[in-house]
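Counting from 165, one number per residue, gives the positions in the first sequence under this note's numbering.
Worksheet: one structure, shown below.
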Amino acid sequence: MADLPKNYDVHASQKKYYSWWESEGFFGADPEAPGEPYCIVIPPPNVTGSLHMGHALDNTLQDILIRYKRMDGFNTVWIPGTDHAGIATQWVVERMLREEGISRHDLGREAFLERVWAWKEESGSTITRQLRALGVSCDWTRERFTMDEGLSRAVRHVFVKLYNEGLIYRDTRLINWDPIGQTVLSDLEVEHEENFKGEIWSFAYPLADGSGEIVVATTRPETMLGDTAVAVHPEDPRYKDLIGKTIRHPLVDREFPIIADAILVDPEFGTGAVKVTPAHDPNDYEVGKRHDLPFITMLDKSACVNQEGGRFEGMDRYEARKAVKSAMAELGFDRGTKEHLMAVGRSQRSGAIIEPMVSTQWFVRMQPLAEPAIAAVEEGRTRFVPTQWENTYFAWMRDIRDWCISRQLWWGHQIPVWYCDDCGALTVSEEPATCCSSCSSTSIRQDEDVLDTWFSSALWPFSTLGWPDDTAALRKWYPTSVLVTGFDIIFFWVARMMFSGIHNMGEEPFSDVFIHGLVRDANGDKMSKTKGNVVDPLDTIEAHGCDAFRFTLAQYATQGRDISWDENRVEVSARFVNKIWQATRFALMGIEGHDAKAEVELGPYDHWIRARAGQATERIRSALDGYRFNEAATEIHAFFWGELCDWYLEFSKKAIYGEGPAKAGAQQTLIEVFSAITRLMHPVMPFLSEEIWQLLPESVRSESETVMMAAYPTVDDFPKDDRILEDVAFLQECIVAIRRLRADMELSPKVELRILVTGDKADRLPAHAGALAHLAGISSVELLSGDRPEASATTVVSGAELVIPLEGVVDLDAERARLDKEIQKVGKDVQDLERRLGNAGFVAKAPEHVVNGFREKLAAAQIKLDQLQQARGELS
RNA sequence: GGGCGGGUAGCUCAGUUGGGAGAGCGGUAGCCUUACAAGCUAUAGGUCACAGGUUCGAGCCCUGUUCCGCCUACCA
């Protein structure tokens, strides 16, 4: 063991063990195997994407859970996969084509799709390869893709089912149009940009009878080419007489009425008269329906003015805006322009400002689907962690609008609907239709549009398990156990999985939804390529190692809070990894030559660290069970460094460097405790723990060839022993008190001190003389009998006083000064404690243990004060 | 406009039934003590954003104010 390298080679370890785990099939899952089911489906990253910090956090947390549950005897599976990401992927490929100087229309649908598939084949493995670098233990044999054959069948199956149930329908209505991407978007795909600097322009519409004008205001002048009314409030005295009169459009050959609408018009706002463009504004659309106005679509698919715009035809909407304004100014109808802050909707993908348009699209009727999805959370069958996210979920679900699912794209699941050229009937079919279901004509055409990418994502928790077939995996693992994801896709994905799962499977898709924060940069800003503040997880892993990276992520993963990523923390974690390695080296050297059959005698410190390990196990388990990853990581750190390294390894040195049953006892303890902590840390630090596991003695490894299959420690693995915990806590307090005294008196650690001890617990101390010698430089421990030495320092701990003779060790003048300072300080403490205890209400109402705690503390402080004053007197 | 989260040590952040204000980093002082100087020991540093309230007692509960961030909304 002496040849164990002084430093841990993280990269060699990562490479060696990941491929070993994977090739041995340790990630694989068998639905027939015993154990309660525990299943996670990965939030599928974009197939052509690459790993970012969000993925790193999300997947590290999932891996921690899966590894924990796998070790804990559950029949676990973690299903990986990727999403075809319709718009995003098509957008990327179109951009590549543009660089070649061609468009997708030049290629045609078939050739274009070939290009996209080729790009998917080329780049599709990047993200899964990068995920492996994180150490994730997905069952790669079950990897799925949202457009693979099985999932595509699931999509068609659901579409047909919902259509037959009347929950999918086709309708013509106002939708969000992306003029650059040239497709409709759902409300969620529109991002609202607040405080957009625009202007509001007022102009006059002349009455047709020449009797006057009415002034209206707009932020979008060009839409006046599509106006079909001006609305006023029915009670507005200014305009009451104008209601029913006709306006003569000054720019196009049309007349339209002045109408009264109490819902649209706020008489207090602006001029109190509103121009109405039913085909290009959501509010006006409603007005148009209420008043049966004409819907004049005056823009084409690229948001250029069409024939409805008369002489403005062919202009893009912003050119038209200027042209309309100046034309109106020439006619004398301009009534001024003001700056105006407004919100504009942009396409999430192309960035284009959304144009509301009237269009025929496919929709999902949401109301009936949302109701049971709301109930599932209300009734606790699905639980959000932290619970605050339930509000977000409810708010959206309760105010849900129908979901527009068709997209004018080519990359995606083509809508399984065929239109008959002869009779016009629709054929909706899971399998490709060959003739019209109504008139049997073979002259049918499939709908050219594809489905919103989230339509297939919504089926992910069951489609990946084999649905619509009745598979063993589906029976075993649905519903899944927990969904781990960020709050940014609660609406896009979580909510839609909820109603899809409930509607299609009859059961909600997961019992827990754990929502973590976003990874931001050190200043709390969103990471983005344009800002140049993106941290590449692979760079971090390369620099500091995967385990340090994962440990840092876990420590950062506080519930309900975003993460401001500070790369320095990874370096700190890397030091922890090194510390673990160094301690392991010590332990392995210590257990060298261990004879399992030798006579064993466990010493007090052996009992102590076991009891401590039990406490740590309890805390770590409880933290993981509650998704408190930061607590789990912190507890691993606190136990390993603060208890095991700082105290036990030092305590045990005497036995380890000695011989006989005490040595065998310490060796056995080292083996057991290292076996436990190695397993406890494994979910967070898989590589390091595996490396250590492989170095542990055969007696440990015989349980499992890999730590990832070893049993996760339980509290019952360790005896409870409150007496030893208390005893060692007392010893630690003594050691720390002596060290402090030493530092205060500027005594070198090499100066040996004697201590005389008195008090309730005094007789416990001589048994720890060895530890006191090693850890506090104490040469002898005796019970105080008779008088104190004339020159001495006293330090008080709970239950004892330690008297240290100072004759010949210290400068007495300096010591006097020090004592004076301390007397002052302790005096204040005593006063403070007395005041609090003297409070009648405190004694009457505070829990007994709290009151007793104060009493003990006060007693100890008073003793200390007395002793200090006495020592001061002796020195004088 | 509505909603949510946050403001705790110089920095990054913990703090789960209201009862000793904590960790890591950084600072200071002292240590190459035979696993680890990527380490060990000790230590300084905080009106827990502000103002009220409840209580014997508030970082924690209530009310208000303020600053930062996010989500959401059709105000011409």
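Each residue gets a CB set at the ideal place from its N, CA and C atoms; glycine is no exception.
* To do: Can you give me the start and stop residues for the alpha helix (DSSP H) that G436 sits inside?
  => For the purposes of this step, residue 436 is taken as residue 272 along the first sequence, with counting starting at 1. For G436, no alpha helix (DSSP H) segment is defined, and its DSSP state is neither H nor E.
* Asked: Apart from the five residues on each side of it in sequence, which residues of its chain come closer than 7 angstroms, Cβ to Cβ, to L495?
  -> Mapped onto the first sequence, residue 495 falls at position 331. Counting only residues of its own chain and dropping the five nearest sequence neighbours on each side, L495 has a CB closer than 7 angstroms to the CB of P414.
* Asked: Quick one: is R231 buried, meaning 16 or more other Cβ sit within 10 Å of its Cβ, or exposed?
  -> Along the first sequence, one-based indexing puts residue 231 at 67. That one is buried.
* When the Cα atoms are used, what is the spatial distance from M753 to K180? -> Position 589 of the first sequence holds residue 753. Position 16 of the first sequence holds residue 180. Answer to the nearest angstrom: the Cα atoms are 24 angstroms apart.
* **Alpha-carbon spacing of S602 relative to Y583, whole angstroms** => In the first sequence, residue 602 corresponds to position 438, counting from 1. In the first sequence, residue 583 corresponds to position 419, counting from 1. Rounded to whole angstroms, S602 to Y583 spans 10 angstroms at the Cα level.
* To do: Thinking L389 and V488 are a contact (beta carbons under 8 angstroms), I'd like their distance in whole angstroms, please.
  => As a position in the first sequence, residue 389 is number 225, starting the count at 1. As a position in the first sequence, residue 488 is number 324, starting the count at 1. Under the criterion of beta carbons closer than 8 angstroms, L389 and V488 qualify as touching, at roughly 7 angstroms.
* So what's M561 in DSSP terms, helix, strand or just coil? -> Mapped onto the first sequence, residue 561 falls at position 397. Residue state, collapsed to three classes: helix.
* **Nonlocal neighbours in the same chain, by C-beta distance under 8 angstroms from R1000, ignoring five residues either side** => Here residue 1000 corresponds to residue number 836 of the first sequence, with the count starting at 1. Within the same chain, F1006 and F1018 come within 8 angstroms of R1000 by CB-CB distance, once the 5 residues on both sides are set aside.
* Work out the CA separation of S664 and S350 for me, nearest whole Å. => Along the first sequence, read from residue 1 onward, the residue named residue 350 stands at position 186. Along the first sequence, read from residue 1 onward, the residue named residue 664 stands at position 500. Taking the straight line joining both Cα atoms gives about 17 angstroms.
* To do: If I'm right that R714 touches V848 with Cβ under 8 angstroms, what's the distance once you round it to whole angstroms?
  => Position 550 of the first sequence, counted from the first residue, corresponds to residue 714. Position 684 of the first sequence, counted from the first residue, corresponds to residue 848. About 6 angstroms; that satisfies the 8 angstroms criterion.
* Asked: Using a Cβ-Cβ cut-off of 8 angstroms (strictly less than) and excluding sequence neighbours within five positions of I332, which residues of its own chain qualify?
  -> Residue mapping note: residue 332 aligns to position 168 of the first sequence, counting from 1. Once the five neighbours on either side are set aside, the close Cβ partners of I332 are F323, L326, W526, F527, V528, R529 and I569.
* Asked: Mapping DSSP to helix, strand and coil, what is A166?
  -> On the first sequence, position 2 is the one that residue 166 refers to. With a pLDDT of 46 at A166, under the threshold of 50, the modelled position of that residue is not reliable, and no figure is offered here.
* To do: Measure the CB-CB distance between Y791 and Q723 and report whether it falls below 9 angstroms.
  => Within the first sequence, numbered from 1, the residue matching residue 791 stands at position 627. Within the first sequence, numbered from 1, the residue matching residue 723 stands at position 559. Yes, these two residues count as a Cβ contact at 9 angstroms.
* To do: Just tell me which of W185, Y202, P169 and S183 has its CA closest to the CA of S645.
  => On the first sequence, residue 645 is found 481 positions in, with the first residue counted as 1. Comparing Cα-Cα distances from S645 to each of W185, Y202, P169 and S183, the minimum goes to Y202.
* Per DSSP, which one or two residues make a beta bridge with V973? -> Here residue 973 corresponds to residue number 809 of the first sequence, with the count starting at 1. According to DSSP, V973 bridges with nothing at all.
* To do: Whole angstroms is fine: what's the gap from Q226's alpha carbon to D634's?
  => Here residue 226 is taken as the residue at index 62 of the first sequence, counted from 1. Here residue 634 is taken as the residue at index 470 of the first sequence, counted from 1. When rounded, the distance between both Cα atoms is 26 angstroms.
* To do: For the region 635 to 644 and the region 502 to 513, state whether three or more C-beta atom pairs, one from each stretch, are separated by less than 8 angstroms.
  => Touching, no, given that fewer than three Cβ pairs across the two stretches are closer than 8 angstroms.
* **Best match in C898, L428 and P421 for proximity to A926 [C-alpha to C-alpha]** => Taking the first residue of the first sequence as 1, we reach residue 926 at position 762. It is C898.
* To do: State the Cα-Cα distance for the pair D566 and Q531, rounded to the nearest angstrom.
  => Position 402 of the first sequence holds residue 566. Position 367 of the first sequence holds residue 531. Their Cα atoms are separated by approximately 8 angstroms.
* **Span of the beta strand (DSSP E), counted from its first residue to its last, around H413** => Indexing the first sequence from 1 puts residue 413 at position 249. Looking at the DSSP string, H413 is not in any beta strand (DSSP E), and its letter there is neither H nor E.
* Opening and closing residue of the beta strand (DSSP E) in which F678 lies -> Working through the first sequence from its first residue, we reach residue 678 at position 514. Counted as a single uninterrupted DSSP element, the beta strand (DSSP E) harbouring F678 occupies residues F674 to H680.
* Are the CB atoms of R952 and V967 nearer to each other than 9 angstroms? -> For the purposes of this step, residue 952 is taken as the residue at position 788 of the first sequence. For the purposes of this step, residue 967 is taken as the residue at position 803 of the first sequence. Less than 9 angstroms divides the Cβ of R952 from the Cβ of V967.
* **Of the residues D400, K409 and Q254, the one placed nearest I344, counting alpha carbons only** => Numbered from 1 along the first sequence, position 180 holds the residue referred to as residue 344. Considering only D400, K409 and Q254, the residue with the shortest C-alpha distance to I344 is Q254.
* Cα separation between A1035 and H932? -> One-based indexing of the first sequence puts residue 1035 at position 871. One-based indexing of the first sequence puts residue 932 at position 768. Rounded to the nearest whole angstrom, the C-alpha separation of A1035 and H932 is 26 angstroms.
* Could you tell me the distance, in whole angstroms, from the CA atom of L277 to the CA atom of W575? => Position 113 of the first sequence, counted from the first residue, corresponds to residue 277. Position 411 of the first sequence, counted from the first residue, corresponds to residue 575. Cα to Cα, L277 sits roughly 7 angstroms from W575.
* Does DSSP put M530 in a helix, in a strand, or in coil? -> Here the question's residue 530 lines up with position 366 in the first sequence. DSSP, read as helix, strand or coil, puts M530 in coil.
* Asked: Tell me the DSSP bridge mates of P201?
  -> On the first sequence, residue 201 is found 37 positions in, with the first residue counted as 1. Beta-bridge pairing links P201 to N239.
* Which residues DSSP lists as bridging W365, in chain order -> One-based indexing of the first sequence puts residue 365 at position 201. W365 is bridged to T382 and T501.
* What residue from A516, G189, E890 and T628 has the CA that sits closest to E307's CA? -> Stepping through the first sequence from its first residue, residue 307 is reached at position 143. Looking at A516, G189, E890 and T628, the one whose alpha-carbon comes closest to that of E307 is T628.
* Since L702 sits in a beta bridge, which residues does DSSP pair it with? -> Mapped onto the first sequence, residue 702 falls at position 538. According to DSSP, L702 bridges with nothing at all.
* To do: Could you check the C-alpha separation between G923 and M235 for me, to the nearest Å?
  => Position 759 of the first sequence holds residue 923. Position 71 of the first sequence holds residue 235. Linking G923 to M235 through their CA atoms gives a straight-line distance of about 48 angstroms.
* **Local Cβ density within 10 Å of E795, reported as buried at 16 or more and exposed below that** => Translated into positions along the first sequence, residue 795 becomes position 631. So E795 counts as buried.
* To do: Specify the secondary structure class of L495 as computed by DSSP and reduced to three states.
  => Sequence index remark: in the first sequence, residue 495 carries index 331 (1-based). In this structure, L495 counts as coil in the three-state DSSP scheme.
* **Nonlocal neighbours in the same chain, by C-beta distance under 6 angstroms from E867, ignoring five residues either side** => On the first sequence, position 703 is the one that residue 867 refers to. Excluding residues up to 5 positions away in sequence, A874 lie with their Cβ nearer than 6 angstroms to the Cβ of E867 in the same chain.
* What is the rounded straight-line gap between the Cα of D173 and the Cα of F651? -> What you label residue 173 is simply residue 9 of the first sequence in a count that begins at 1. What you label residue 651 is simply residue 487 of the first sequence in a count that begins at 1. Taking the straight line from one Cα to the other gives about 37 angstroms.
* Contacting residues, own chain, Cβ-Cβ under 6 angstroms from I423 (five flanking each side not counted) -> Counting from one through the first sequence, the residue named residue 423 turns up at place 259. Cβ contact annotation for I423 (same chain, cutoff 6 angstroms, sequence separation greater than five): A393, A395 and H455, in chain order.
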